[in-house]
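Visitor: Heads up: the sequence lines are chains L, X and P, in that order.
Per the numbering used here, the first sequence starts with residue 5, numbered consecutively.
Per the numbering used here, the second sequence starts with residue 5, numbered consecutively.
Per the numbering used here, the third sequence starts with residue 5, numbered consecutively.
Okay, handing you the structure first.
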Amino acid sequence: MKKIFENVQNNKPLIHHITNYVTVNDCANIQIACGGSPIMADCIDEMEDMSNICSGLVLNIGTLNHTQIDSMLLAGKNYSQRNKPIILDPVGCGATKLRTETTFKLIEELNLSVIRGNLSEIKTIYNKTGNTKGVDAADEDQINLETIDNVIKMAHNLATKLNVIIVITGQMDIISDGKDTYVVKNGHPSMANVSGTGCMLTSILGAYVASNPENATKACAVATAVMGIAGEKANSYVEKHNLGNASLRVGIINSVSTMTEEILLKGIKIEKF
Amino acid sequence: MKKIFENVQNNKPLIHHITNYVTVNDCANIQIACGGSPIMADCIDEMEDMSNICSGLVLNIGTLNHTQIDSMLLAGKNYSQRNKPIILDPVGCGATKLRTETTFKLIEELNLSVIRGNLSEIKTIYNKTGNTKGVDAADEDQINLETIDNVIKMAHNLATKLNVIIVITGQMDIISDGKDTYVVKNGHPSMANVSGTGCMLTSILGAYVASNPENATKACAVATAVMGIAGEKANSYVEKHNLGNASLRVGIINSVSTMTEEILLKGIKIEKF
Amino acid sequence: MKKIFENVQNNKPLIHHITNYVTVNDCANIQIACGGSPIMADCIDEMEDMSNICSGLVLNIGTLNHTQIDSMLLAGKNYSQRNKPIILDPVGCGATKLRTETTFKLIEELNLSVIRGNLSEIKTIYNKTGNTKGVDAADEDQINLETIDNVIKMAHNLATKLNVIIVITGQMDIISDGKDTYVVKNGHPSMANVSGTGCMLTSILGAYVASNPENATKACAVATAVMGIAGEKANSYVEKHNLGNASLRVGIINSVSTMTEEILLKGIKIEKF
Numbered sequence: 005m006k007k008i009f010e011n012v013q014n015n016k017p018l019i020h021h022i023t024n025y026v027t028v029n030d031c032a033n034i035q036i037a038c039g040g041s042p043i044m045a046d047c048i049d050e051m052e053d054m055s056n057i058c059s060g061l062v063l064n065i066g067t068l069n070h071t072q073i074d075s076m077l078l079a080g081k082n083y084s085q086r087n088k089p090i091i092l093d094p095v096g097c098g099a100t101k102l103r104t105e106t107t108f109k110l111i112e113e114l115n116l117s118v119i120r121g122n123l124s125e126i127k128t129i130y131n132k133t134g135n136t137k138g139v140d141a142a143d144e145d146q147i148n149l150e151t152i153d154n155v156i157k158m159a160h161n162l163a164t165k166l167n168v169i170i171v172i173t174g175q176m177d178i179i180s181d182g183k184d185t186y187v188v189k190n191g192h193p194s195m196a197n198v199s200g201t202g203c204m205l206t207s208i209l210g211a212y213v214a215s216n217p218e219n220a221t222k223a224c225a226v227a228t229a230v231m232g233i234a235g236e237k238a239n240s241y242v243e244k245h246n247l248g249n250a251s252l253r254v255g256i257i258n259s260v261s262t263m264t265e266e267i268l269l270k271g272i273k274i275e276k277f
Numbered sequence: 005m006k007k008i009f010e011n012v013q014n015n016k017p018l019i020h021h022i023t024n025y026v027t028v029n030d031c032a033n034i035q036i037a038c039g040g041s042p043i044m045a046d047c048i049d050e051m052e053d054m055s056n057i058c059s060g061l062v063l064n065i066g067t068l069n070h071t072q073i074d075s076m077l078l079a080g081k082n083y084s085q086r087n088k089p090i091i092l093d094p095v096g097c098g099a100t101k102l103r104t105e106t107t108f109k110l111i112e113e114l115n116l117s118v119i120r121g122n123l124s125e126i127k128t129i130y131n132k133t134g135n136t137k138g139v140d141a142a143d144e145d146q147i148n149l150e151t152i153d154n155v156i157k158m159a160h161n162l163a164t165k166l167n168v169i170i171v172i173t174g175q176m177d178i179i180s181d182g183k184d185t186y187v188v189k190n191g192h193p194s195m196a197n198v199s200g201t202g203c204m205l206t207s208i209l210g211a212y213v214a215s216n217p218e219n220a221t222k223a224c225a226v227a228t229a230v231m232g233i234a235g236e237k238a239n240s241y242v243e244k245h246n247l248g249n250a251s252l253r254v255g256i257i258n259s260v261s262t263m264t265e266e267i268l269l270k271g272i273k274i275e276k277f
Numbered sequence: 005m006k007k008i009f010e011n012v013q014n015n016k017p018l019i020h021h022i023t024n025y026v027t028v029n030d031c032a033n034i035q036i037a038c039g040g041s042p043i044m045a046d047c048i049d050e051m052e053d054m055s056n057i058c059s060g061l062v063l064n065i066g067t068l069n070h071t072q073i074d075s076m077l078l079a080g081k082n083y084s085q086r087n088k089p090i091i092l093d094p095v096g097c098g099a100t101k102l103r104t105e106t107t108f109k110l111i112e113e114l115n116l117s118v119i120r121g122n123l124s125e126i127k128t129i130y131n132k133t134g135n136t137k138g139v140d141a142a143d144e145d146q147i148n149l150e151t152i153d154n155v156i157k158m159a160h161n162l163a164t165k166l167n168v169i170i171v172i173t174g175q176m177d178i179i180s181d182g183k184d185t186y187v188v189k190n191g192h193p194s195m196a197n198v199s200g201t202g203c204m205l206t207s208i209l210g211a212y213v214a215s216n217p218e219n220a221t222k223a224c225a226v227a228t229a230v231m232g233i234a235g236e237k238a239n240s241y242v243e244k245h246n247l248g249n250a251s252l253r254v255g256i257i258n259s260v261s262t263m264t265e266e267i268l269l270k271g272i273k274i275e276k277f
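Dropping the structure here:
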């Protein structure tokens, strides 16, 4: 884990984002915070050049449109050809036909490394149908002690079927590549009160996977723990000082930027299956 | 007022935004802060699906373009058909022909529930011409003890004419549906130093109106007070700690997210006419 | 310097931005913080109207696309005709062909007042080729005691050739119009950990140049110092309270908004050549 963390800091990977305009600034600042360097570009004419200078690609469909879809597909092909990782965040998959169909198209046409979503989004991919409530998981789609075994099984099966790493985030986080499966129990429920904590983790995953190509699944688990520990620290700060969700947002990014190996190793709650 | 506040917390309405890319993150986080759930989508292919899953629509013309206008019109028709509220923020109406004409088109073609703007923007709608200074009210367009009677009359007449709730924000805030009129005296002048406090209030109005369909005008008045009280609290914090406008922005969202019935009922300065 | 600072506060210039969606909110809030008023608009139909009501134009190519390029060119022509200043931030010039070619096109077709970039971006313009690493300067492109003489020479030559003010930011900042050259030694290396500090300075330059037409080069130097001093103050605060890069972002904008003549005159580290 120490090595995985260090690789990001030493590598300082440049991560290309085609992402939504809601949480894009948070993605940029948390990318820097975790040790990477962000660049956002979605004009189709830049996709090939970007794939030459960047180490990985983050695709986030949070404010999707057709121009973006074209750029995502072209960028994805260029990164695939260069064997550079692509991370997909299927924001709101299941909420509208456009998002669901685009998710399937990206899965089909690109060589994705990681898909990160909440349980509703991942279930939509798994079942080819879903009931995502906007950008949040549906109320019945919770990861808890009752559901965890089924969620792990689904993650395992979907990862095997699609040959990607599946990262499902919620009260507990599941990471599986079809062989190794990790459960991460960091984080705090209040993180749901900040818009874009999922998007931010997806950005971090880009830096971690690009910097740890030989160890990508474990890197995803560590990245998820980094985000979770940051959420815990930020939540303590906010509660102590009686602040609110805007300070939680600031605190999460702060806590990623001040993360050390010591904090990570001491705070990480991870199990391998 | 207690009931209006509680309805938002219990309902947790999903509010669809077609909004500008400048203040969109603040709108998302303040939507969560006030008790709702935000989703931003502007691709025309998603408009119908969104109108099925969301409880209300916020239209904000702060960075307008033709693609957005088409989506606003289609979305608006779908929400109208479903009897779901539409809130319009005519940002910069009067500053450019595109914004002025689009505002009139949206008013004409859609069944709007609320229009919220500063005095210059609302005067432009009322007089069919205006001199908005960018996105701020013109210097001569101030709501004070001298002008208040005329502003109330205008709000009342415009609300009657257009059959919408008019919310005019400034040093004092006027809310009128042509029958009931409220004046809210919360807020602090320093709020003008944060980009997007108007946009943020418009987002909150979406949650309040969607959660209080039988009591929409009063809900607008309460929502306006929530924003104003948050501004007062944030301003006190910033002054006490000698901070600046970026902390004021954080503090406003924080204060909305920690708002309670007690804080609201104690702080609200409202008069009904 | 006192006069330059005061002119911005008194003038409160309305500055039109065509800018990227990553750091646009920071540009808006720092524009207010420094004394100006921001408006963001990129629809081609608004460009002429905007050029009538605004005092200056900021062009930032951080998330460039063809629609934006058309608007930049038309807006630029309108501002040029009205003798209003245009500030160009060639974000990522050298990283992709689209950005490099667009930069040259804007330089060729518009009457720019200022170009602000990091050393890699400005070298790309100077040498007609470059190796910008994403949106940051390449590792070899540092402004230090060894390189400063060459950088000053380049700034001087480029300013003369293009008849613009060149602002190069880095460990030290160089401002030159081909006659007068200033070196500003404010700022802190940690500012590189915040996405968009360059974009924010470009916004401030808009307000300073628009408010000081007779003294534009010195105004650029003072604006650069304002940003640097804000970075120093914010960094001290962040270090003292053991925070991170998200608080640094908030602190920089805060420190610009609480800047006074006294703080500026006491903190400024400027040399004229």
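Where is the CB? At the ideal position from N, CA and C, for every residue including glycine.
Note that the structure is predicted; figures quoted are calculated from it, not measured.
#1: Can you tell me where the beta strand (DSSP E) with glutamate 351 of chain P in it begins and where it stops?
#2: Taking the alpha carbon of leucine 149 of chain X as the reference point, which residue from X/Gln175, X/His21, X/Met54 has its own alpha carbon closest?
#3: Just tell me which of X/Leu18, X/Gly271, X/Ile152 has its CA closest to the CA of glycine 40 of chain X.
#4: From what residue to what residue does the beta strand (DSSP E) around threonine 173 of chain X run?
#5: Would you kindly work out how many angstroms separate the C-alpha atoms of methionine 263 of chain P and tyrosine 241 of chain P, rounded to a whole number?
#6: Residue range of the beta strand (DSSP E) that arginine 120 of chain L falls in?
#7: Taking just the CA atoms, how far does threonine 27 of chain L sit from cysteine 203 of chain L?
#8: Between tyrosine 241 of chain P and chain L, is the shortest Cβ-Cβ distance under 8 Å, so that the two count as touching?
#9: Whole angstroms are fine: how far does the CA of leucine 166 of chain L sit from the CA of arginine 120 of chain P?
#10: State the start and end residues of the unbroken alpha helix (DSSP H) segment that holds valine 242 of chain P.
#11: Under a CB-based cut-off of 8 Å, is methionine 231 of chain P close to chain X?
#12: Please list the terminal residues of the continuous beta strand (DSSP E) segment that includes aspartate 177 of chain L.
#13: Looking only at its chain, what residues have a beta carbon closer than 6 Å to the beta carbon of leucine 63 of chain L, apart from the 5 residues adjacent to it on each side?
#14: Does the Cβ-Cβ distance between leucine 68 of chain X and threonine 106 of chain X come in under 8 Å?
#15: In chain order, what residues of the region 5 to 31 of chain L put their CB closer than 9 Å to some CB of chain X?
#16: What would DSSP say about phenylalanine 97 of chain P, mapped onto helix, strand or coil?
#17: Looking at the C-beta of histidine 70 of chain L, does it have a partner C-beta in chain X at a distance below 8 Å?
#18: Taking CB distances under 8 Å as the criterion, tell me whether proline 193 of chain X reaches chain L.
#19: To which residues does DSSP link serine 41 of chain P through a beta bridge?
#20: Check each residue of the region 256 to 271 of chain P: if its Cβ is closer than 8 Å to any Cβ of chain L, include it; give the result in chain order.
#21: Which whole runs of the beta strand (DSSP E) in the region 55 to 103 of chain L are 3 residues long or more, in chain order?
#22: Just by C-beta distance, which residues in the region 77 to 107 of chain P are closer than 9 Å to chain L?
#23: Thinking serine 84 of chain X and asparagine 115 of chain X are a contact (beta carbons under 8 Å), I'd like their distance in whole angstroms, please.
#24: On the three-state DSSP scale, how would you describe threonine 201 of chain L?
#25: For the alpha helix (DSSP H) containing threonine 164 of chain L, name the first residue and the last one.
#26: For the region 153 to 175 of chain L, enumerate the residues whose C-beta is nearer than 8 Å to any C-beta of chain P, in chain order.
#27: Which residues in the same chain have their Cβ closer than 6 Å to the Cβ of serine 180 of chain P, if we skip the five residues on either side of it in sequence?
#28: Could you check what DSSP says for threonine 23 of chain P in three-state terms: helix, strand or coil?
#29: Since glycine 271 of chain P is in the alpha helix (DSSP H), which residue starts that stretch and which ends it?
#30: CB-CB under 7 Å to asparagine 82 of chain X, same chain, minus the five flanking residues each way: which ones, in chain order?
#31: Taking the beta carbon of lysine 183 of chain X as the centre, do at least 16 other beta carbons fall within 10 Å, making it buried, or is it exposed?
#32: For leucine 110 of chain X, does the count of other Cβ atoms within 10 angstroms reach 16, so buried, or fall short, so exposed?
#33: Should isoleucine 257 of chain X and asparagine 249 of chain L be called a contact, given that it needs their Cβ atoms to be closer than 8 Å?
#34: Assuming asparagine 258 of chain P is part of the alpha helix (DSSP H), what are its boundary residues?
#35: Select from P/Ile48, P/Asn24, P/Lys16, P/Ile65 the residue whose C-alpha is nearest the C-alpha of proline 42 of chain P.
#36: At a CB-CB cut-off below 9 Å, which residues of chain L make contact with serine 280 of chain X?
Guide: Here's the rundown:
#1: This structure gives no information on residue 351 of chain P, because the portion of chain P shown stretches from 5 to 277.
#2: Start at 1 with the first residue of the second sequence, and residue 149 of chain X comes out as number 145. Checked all of X/Gln175, X/His21, X/Met54; the closest Cα to leucine 149 of chain X is X/Gln175.
#3: Walking along the second sequence from the start, residue 40 of chain X turns up at place 36. Of the listed residues, the one whose Cα sits closest to glycine 40 of chain X is X/Leu18.
#4: Taking the first residue of the second sequence as position 1, residue 173 of chain X is located at position 169. Boundaries of the beta strand (DSSP E) around threonine 173 of chain X: 169 to 173.
#5: As a first step, residue 263 of chain P is located in the third sequence; it is residue number 259 there, counting from the start. As a first step, residue 241 of chain P is located in the third sequence; it is residue number 237 there, counting from the start. Each residue's Cα considered, the two are about 15 Å apart.
#6: As a first step, residue 120 of chain L is located in the first sequence; it is residue number 116 there, counting from the start. Arginine 120 of chain L -> beta strand (DSSP E) spans 118 to 122.
#7: Stepping through the first sequence from its first residue, residue 203 of chain L is reached at position 199. Stepping through the first sequence from its first residue, residue 27 of chain L is reached at position 23. Roughly 7 Å separates the two Cα atoms.
#8: Reading the third sequence from its first residue, position 237 is the one you call residue 241 of chain P. For tyrosine 241 of chain P, no CB of chain L lies under 8 Å from its own CB, so it is not counted at the interface with that chain.
#9: As a working mapping, residue 120 of chain P is identified with position 116 in the third sequence. As a working mapping, residue 166 of chain L is identified with position 162 in the first sequence. Cα to Cα, the separation comes out at about 46 Å.
#10: By one-based count along the third sequence, residue 242 of chain P stands at place 238. Taken as a continuous stretch (DSSP letters only), the alpha helix (DSSP H) holding valine 242 of chain P covers 220 to 244.
#11: On the third sequence, position 227 is the one that residue 231 of chain P refers to. Chain X contact via Cβ: absent.
#12: Residue 177 of chain L sits at position 173 when you count from the first residue of the first sequence. That run of the beta strand (DSSP E) goes 177 to 180.
#13: The count along the first sequence starts at 1 and reaches residue 63 of chain L at position 59. Closer than 6 Å at the Cβ level, and outside the excluded window around leucine 63 of chain L, lie Ile22, Met76, Leu92.
#14: Locating residue 68 of chain X in the second sequence gives position 64, where the first residue counts as 1. Locating residue 106 of chain X in the second sequence gives position 102, where the first residue counts as 1. Yes, these two residues count as a Cβ contact at 8 Å.
#15: Asn24, Tyr25, Val26, Thr27, Val28, Asn29, Asp30
#16: For this step, residue 97 of chain P is matched to residue 93 along the third sequence. The sequence shown places cysteine at residue 97 of chain P, not phenylalanine. In this structure, cysteine 97 of chain P counts as strand in the three-state DSSP scheme.
#17: The sequence position of residue 70 of chain L within the first sequence is 66, counting from 1. Interface residue, yes.
#18: Working through the second sequence from its first residue, we reach residue 193 of chain X at position 189. Cβ-Cβ to chain L under 8 Å: no for proline 193 of chain X.
#19: Position 37 of the third sequence, counting from 1, holds the residue named residue 41 of chain P. Answer is P/Leu18.
#20: none
#21: If we require 3 residues or more, the beta strand (DSSP E) runs fully inside the region 55 to 103 of chain L come out as 60 to 64, 90 to 93.
#22: Gly96, Ala99, Thr100, Lys101, Leu102, Arg103
#23: Your numbering for residue 84 of chain X matches position 80 in the second sequence. Your numbering for residue 115 of chain X matches position 111 in the second sequence. With a Cβ gap of about 4 Å, serine 84 of chain X and asparagine 115 of chain X count as contacting.
#24: As a first step, residue 201 of chain L must be located in the first sequence, where it is residue number 197. Residue state, collapsed to three classes: helix.
#25: Walking along the first sequence from the start, residue 164 of chain L turns up at place 160. Its alpha helix (DSSP H) spans residues 152 to 166.
#26: Hits within the stretch: zero.
#27: Translated into positions along the third sequence, residue 180 of chain P becomes position 176. Closer than 6 Å at Cβ, skipping near neighbours: Ala159, His160, Ala163, Ile170.
#28: Numbered from 1 along the third sequence, position 19 holds the residue referred to as residue 23 of chain P. Threonine 23 of chain P sits in coil when the DSSP states are folded into three classes, being neither helix nor strand.
#29: Residue mapping note: residue 271 of chain P aligns to position 267 of the third sequence, counting from 1. Taken as a continuous stretch (DSSP letters only), the alpha helix (DSSP H) holding glycine 271 of chain P covers 265 to 271.
#30: The residue given as residue 82 of chain X occupies position 78 in the second sequence. Around asparagine 82 of chain X: Met51, Glu52, Ser55.
#31: Residue 183 of chain X sits at position 179 when you count from the first residue of the second sequence. Lysine 183 of chain X comes out exposed.
#32: Start at 1 with the first residue of the second sequence, and residue 110 of chain X comes out as number 106. Flag for leucine 110 of chain X reads buried.
#33: In the second sequence, counting from the first residue as 1, residue 257 of chain X sits at position 253. In the first sequence, counting from the first residue as 1, residue 249 of chain L sits at position 245. It is a contact, given that the beta carbons lie within the stated cut-off.
#34: For the purposes of this step, residue 258 of chain P is taken as residue 254 along the third sequence, with counting starting at 1. Segment 249 to 261, the alpha helix (DSSP H) holding asparagine 258 of chain P.
#35: Locating residue 42 of chain P in the third sequence gives position 38, where the first residue counts as 1. Nearest option by C-alpha distance: P/Lys16.
#36: Missing from the structure shown is residue 280 of chain X; chain X here goes from 5 to 277 and no further.
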